[in-house]
Amino acid sequence: MLLPIAKWLNVEQSGLFRAWFVRIAQEQLRQGPSPRWYQQDCAGLVRFAANETLKVHDSKWLKSNGLSSQYLPPEMTLTPEQRQLAQKLESGERENRPLCDRD
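Here the working numbering = 1-based position in the sequence shown + 6.
Structure, rendered in structure tokens:
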């Protein structure tokens, strides 16, 4: 069903996560894949968008992703532990569990 990330986020953060995730995925499809999107398949897009969603979206990030600051969701306020989840997803430290749970 949902990414395990949802267990780590409150309701407001979950809504912002979805908004950023959709925007990032849409931009990859509209602009073409980022060089950081290594595994260019559907699952790779999900991993890439989830990782990028958990990052700070400052002016440097926006420029490197070809996004303007207009029409963006509000920035998520995350703890350092929540931000580190992106590193765990990216490095594969998830004990070979599926990206989503089947309930």
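The beta carbon of each residue, even a glycine, is placed where N, CA and C say it ideally should be.
query, result
"Endpoints, the alpha helix (DSSP H) within which GLY72 is located", "Here GLY72 belongs to no alpha helix (DSSP H), and DSSP marks it neither H nor E."
"Boundaries of the alpha helix (DSSP H) in which TRP14 is found, first to last residue", "Neither: TRP14 is in no alpha helix (DSSP H) and is coded neither H nor E."
"For THR59, the three-state DSSP class (helix, strand or coil)", "helix"
"Beta-carbon proximity of PRO79 to LEU35, cut-off 7 Å", "no"
"Alpha carbon of LEU91 to alpha carbon of PRO39, nearest angstrom", "23 Å"
"Local conformation of TRP43 per DSSP, three classes", "coil"
"TRP14 vs GLN88 beta-carbon contact at 7 Å", "yes"
"Beta-carbon proximity of ILE30 to ALA49, cut-off 7 Å", "no"
"Contact set for LEU73: own chain, Cβ-Cβ below 7 Å, skip 5 residues either direction", "GLU33"
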